[in-house]
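To start, the structure itself, in structure tokens.
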Amino acid sequence: MDLSRYTRQIRLRGFGAEAQERLVDAHVVVIGAGGLGAPVLTYLAAAGVGRLDIVDPDVVELSNLHRQFIHAEDGVGARKVDSAAARLRGLNSTIEIVTHPVLLTADNAMDILTGADIVVDGSDNFATRYLANDACEILGIPLVWGTILGFDGQVAVFDARHGATLRDLFPDVPAPGSVPDCATAGVIGALCGSIGSAMAMETIKVLTGIGTPLRDAVAIHSSLDASWETIPVARDPQREPVTSLDAHRAALAGAPTPEVPVPTDDAEAAAIGWDEVGPQDRLIDIREDAEVSAGAVAGARHIPMEALLADPAKLLGSGDEMKTGRIALYCRSGVRSARAATELRGRGFDVVTVTGGYLAYLSRTDASPVA
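Be aware that the sequence shown starts at 1, since it is given in our numbering, and climbs by one per residue.
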């Protein structure tokens, strides 16, 4: 094995050739090739991790490029896993790259994650984050976790074999629409770099045994005042260990769970699963043009969210026109559609939101061809 490209890190006191060989022998699964996945993948590939698996169902969009520097303008419209793999192979041709252009689901998670030494979660939705956490607990694999909201970010290492997991920090999956995603709240690229780099470093620490990984703790970074704070996280002795992914299957099917109750207030958005969308429903895609051009549900009408909320009566009809069927809204992950449906129901429209959005649709084994 030619270690000359890694000379600078091998010279680090406490690192050496032995730590480098551990990286070369390592198998890491990275969930997400976006804002957090870009720095994670780039630094792990450059550091010499022997095998990197990339899991992401999305395609590259122009709006990604300000923070997802693993992609480029000429890759817009390409699958993110392919774009990322090409970049990483150009950076380090000695490592193995395996791509999974799929959404991580309860049906494929065990197959994708089994055999990994560590999993890095750079996903952008709660369903995937909790699924990754639970699958790693079942498999006994450490999970490096990171998240960003506004100008703040968090990093942790969850390892059920030695301590706390995501469910000890946040036991319940947040209700749909309760926490904004980057598409609605915004995100700055430099913060993705900071948090993603920290996640990559935690991964290297776990794999090589150097330093003290962030187990049983969460590091919180505020970019506006350049501060870092570490808070302890204890394992909840009353929490039942995760032994099955069945709860994730039920949630995807639209079944209500104690953690994510279906709203009952008429002014709130009623939620349905994709299996409840019928031919009588008027299915409306409220995503932006660039999102729809990358793929959509066949037969859905496209009305961007901003336009829909600006003049719903004109676009949806009123009076007798509204009796032609229930209106079912979907977006990418269900966050925007839940917000739009809540507002429209408050204006008297019979509107529901489709739980999980387009990502959930893609994960269905019986999904119809996309437009």
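A virtual CB, placed ideally from N, CA and C, is assigned to each residue, including glycine.
None of the values given here were measured: they were computed from a predicted structure.
When you compare the CB of phenylalanine 69 with every CB in chain C, is at least one pair closer than 8 Å? Although the question refers to chain C, the structure presented lacks it and comprises just one protein chain.
In angstroms, rounded to a whole number, what distance separates the CA positions of glutamate 375 and isoleucine 210? Outside the displayed span of the chain (1 to 371) sits residue 375, for which this structure offers no information.
For alanine 360, the nearest candidate out of Val28, Val335, Leu23, Ala341 (CA to CA): Here residue 360 refers to the residue found at position 360 when the sequence shown is read from its first residue. Of Val28, Val335, Leu23, Ala341, the residue nearest in Cα terms is Val335.
Three-state class that DSSP yields for isoleucine 188 in the structure shown: As a working note, residue 188 is residue 188 in the sequence shown. Coil, per DSSP.
With respect to the beta strand (DSSP E) encompassing isoleucine 327, which residues constitute its N-terminal and C-terminal limits? The count along the sequence shown starts at 1 and reaches residue 327 at position 327. It spans 327-330 - the beta strand (DSSP E) in which isoleucine 327 sits, taken as one unbroken run.
Proline 232 to alanine 72, Cα distance in whole Å? The residue given as residue 232 occupies position 232 in the sequence shown. The residue given as residue 72 occupies position 72 in the sequence shown. Proline 232 and alanine 72: Cα-Cα distance of roughly 39 Å.
Write down every uninterrupted run of the beta strand (DSSP E) in the region 202-244 whose length is 3 residues or greater and which is fully enclosed by it, in chain order. 217-222, 227-232
Can you give me the Cβ contacts of threonine 128 inside the same chain, cut-off strictly under 7 Å, excluding the 5 residues immediately before and after it? Translated into the one-based positions of the sequence shown, residue 128 becomes position 128. The answer, listed in chain order, is Ile31, Leu104.
Distance, Cα to Cα, isoleucine 54 vs glutamate 137? One-based indexing of the sequence shown puts residue 54 at position 54. One-based indexing of the sequence shown puts residue 137 at position 137. Looking at the two C-alpha atoms, the distance is approximately 20 Å.
Do you know how far the Cα of glycine 48 is from the Cα of histidine 162? Here residue 162 refers to the residue found at position 162 when the sequence shown is read from its first residue. Here residue 48 refers to the residue found at position 48 when the sequence shown is read from its first residue. Cα-Cα distance, rounded: 26 Å.
Classify isoleucine 70 as helix, strand or coil using the three-state DSSP reduction. Your numbering for residue 70 matches position 70 in the sequence shown. Residue state, collapsed to three classes: coil.
Could you compute how far the alpha carbon of phenylalanine 158 sits from the alpha carbon of valine 59? Residue numbering aside, residue 158 sits at position 158 when the sequence shown is read from its first letter. Residue numbering aside, residue 59 sits at position 59 when the sequence shown is read from its first letter. Phenylalanine 158 and valine 59: Cα-Cα distance of roughly 29 Å.
Could you tell me which residues DSSP puts in a beta bridge with glycine 153? Mapped onto the sequence shown, residue 153 falls at position 153. Glycine 153 is bridged to Ile148, His221.
Looking only at C-alpha atoms, which of Ala46, Cys192, Val24, Leu62 sits nearest to aspartate 289? Residue numbering aside, residue 289 sits at position 289 when the sequence shown is read from its first letter. When each option's Cα is compared against that of aspartate 289, the closest is Leu62.
8 Å Cβ shell around alanine 372 - same chain, five flanking residues per side excluded: A query on residue 372 cannot be resolved here, the shown segment of the chain reaching from 1 to 371 and no further.
Please return the same chain residues whose Cβ sits closer than 8 Å to the Cβ of glutamine 280, not counting the five positions on each side in sequence. Numbered from 1 along the sequence shown, position 280 holds the residue referred to as residue 280. Excluding residues within five positions, the ones whose Cβ falls inside 8 Å are Gly325, Arg326.
Rounded to whole angstroms, what's the CA-CA distance from threonine 264 to leucine 309? Just pull it up for me. By one-based count along the sequence shown, residue 264 stands at place 264. By one-based count along the sequence shown, residue 309 stands at place 309. Its pLDDT being 38, under 50, threonine 264 is placed unreliably by the model, and the measurement read from it follows with that caveat. One C-alpha to the other measures close to 22 Å.
Taking glutamate 18 as part of the alpha helix (DSSP H), name the residues at either end of that continuous run. Sequence index remark: in the sequence shown, residue 18 carries index 18 (1-based). Segment 16-24, the alpha helix (DSSP H) holding glutamate 18.
Residues that glutamate 96 bridges to, as DSSP identifies them: The sequence position of residue 96 within the sequence shown is 96, counting from 1. BP columns for glutamate 96 point to Arg51.
Could you give the DSSP three-state label for threonine 105: helix, strand or coil? Within the sequence shown, numbered from 1, the residue matching residue 105 stands at position 105. In the structure shown, threonine 105 sits in coil (DSSP, three-state: anything other than H, G, I, E or B).
Below 8 Å between beta carbons: does that hold for leucine 41 and isoleucine 70? Working through the sequence shown from its first residue, we reach residue 41 at position 41. Working through the sequence shown from its first residue, we reach residue 70 at position 70. Cβ atoms of leucine 41 and isoleucine 70: closer than 8 Å.
Buried or exposed: which applies to methionine 201, given that a residue is buried once 16 or more other Cβ atoms fall within 10 Å of its Cβ? As a working note, residue 201 is residue 201 in the sequence shown. By the 10 Å Cβ count, methionine 201 comes out buried.
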